[in-house]
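Structure first, commentary second.
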Amino acid sequence: MIRYTPHGATLFREEPTVVTTPFLLDMLDSALIENIQRGNIEAAYGVLDLSIHLALTLEGNTLTEAEGRRILLKVKKAMDKGNIAGAKQHMVEFALR
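Count along the sequence shown from 1, then add 19; that gives the number in the working numbering.
This is the structure in structure tokens:
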């Protein structure tokens, strides 16, 4: 199970706010990069998985389900081989696309 600890509250005006999927994807990309920088590769993998599945729900999405699975598989294989640098590289490539 992946646990993400929020960094602090972001306070908006008291009116209701709508959180859109692109905003959530940006937050997940930030969490992904942060976990990579801190060396939390397993946590980063969980964030990547969530981010890919959320991206697949977007209208006009450029990522296919097969591509998402292929990215996850590349990262998982690199992690299993102990190739942390390779796993990080695949995750960063996804975050920057």
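Note that CB positions come from ideal geometry on N, CA and C, so glycine has one too.
The criterion of a C-beta distance shorter than 8 Å is satisfied by leucine 77 and threonine 40.
For the set Leu92, Ser49, Thr83, Met110, the Cα lying nearest the Cα of isoleucine 60 is the one of Met110. Under the Cβ criterion (8 Å, minimum of three pairs), the region 92-102 does not count as touching the region 39-53. For glutamate 61, the enclosing alpha helix (DSSP H) stretches over residues 60-74. By the neighbour-count definition (other C-beta atoms within 10 Å, threshold 16), aspartate 45 is an exposed residue.
Rounded to whole angstroms, the separation of the alpha carbons of isoleucine 55 and lysine 93 is 16 Å.
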